[in-house]
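J.: Heads up, my numbering is the position in the sequence shown plus 57, with the first residue counted as 1. Just so you know, even glycine gets a beta-carbon here, dropped at the ideal spot from N, CA and C. These figures come from a predicted structure and were not determined experimentally. This is the structure I have questions about; it appears just below.
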Amino acid sequence: MVEQVLSNKEYVEEVYARTRLKRLGDPTEVSSVVAFLCLPSSSYITGQVICVDGGMSVNGFYPSHDSKP
């Protein structure tokens, strides 16, 4: 599924344009947040949504209806 999405160059370029960090995330960036939430140091965090999306959710997840994968 990832290969299909990444093969659509127009879609990937639009995602870059709408993502504040101008790049795709690395799996370790997501797993690091998950690992932190498993540690005692995160024990005071409750009921939160932590978006690990490079700022993409600020603009919405799909750039346009024409470029969905």
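#1: Any contact between the region 74-81 and the region 106-116? By contact I mean 3 or more CB pairs, one from each, below 8 Å.
#2: Measure the C-alpha to C-alpha separation of Val72 and Pro84 and round it to an integer number of angstroms.
#3: Going by DSSP in three states, Arg80 sits in which element: helix, strand or coil?
#4: Along the alpha helix (DSSP H) that carries Gln61, what are the first and last residues, could you check?
#5: Would you tell me roughly how many angstroms separate the C-alpha atoms of Tyr68 and Val90, rounded to the nearest one?
T.: According to the structure data:
#1: When Cβ pairs closer than 8 Å are counted between the two stretches, the region 74-81 is seen to touch the region 106-116, the count reaching three or more.
#2: Your numbering for residue 72 matches position 15 in the sequence shown. Your numbering for residue 84 matches position 27 in the sequence shown. Straight-line measurement puts the Cα of Pro84 at about 17 Å from the Cα of Val72.
#3: In the sequence shown, counting from the first residue as 1, residue 80 sits at position 23. Three-state DSSP puts Arg80 in coil, outside helix and strand.
#4: Position 4 of the sequence shown, counted from the start, is the residue given in the question as residue 61. Note, Gln61: alpha helix (DSSP H), Val59 to Leu63.
#5: Position 11 of the sequence shown, counted from the first residue, corresponds to residue 68. Position 33 of the sequence shown, counted from the first residue, corresponds to residue 90. Their Cα atoms are separated by approximately 26 Å.
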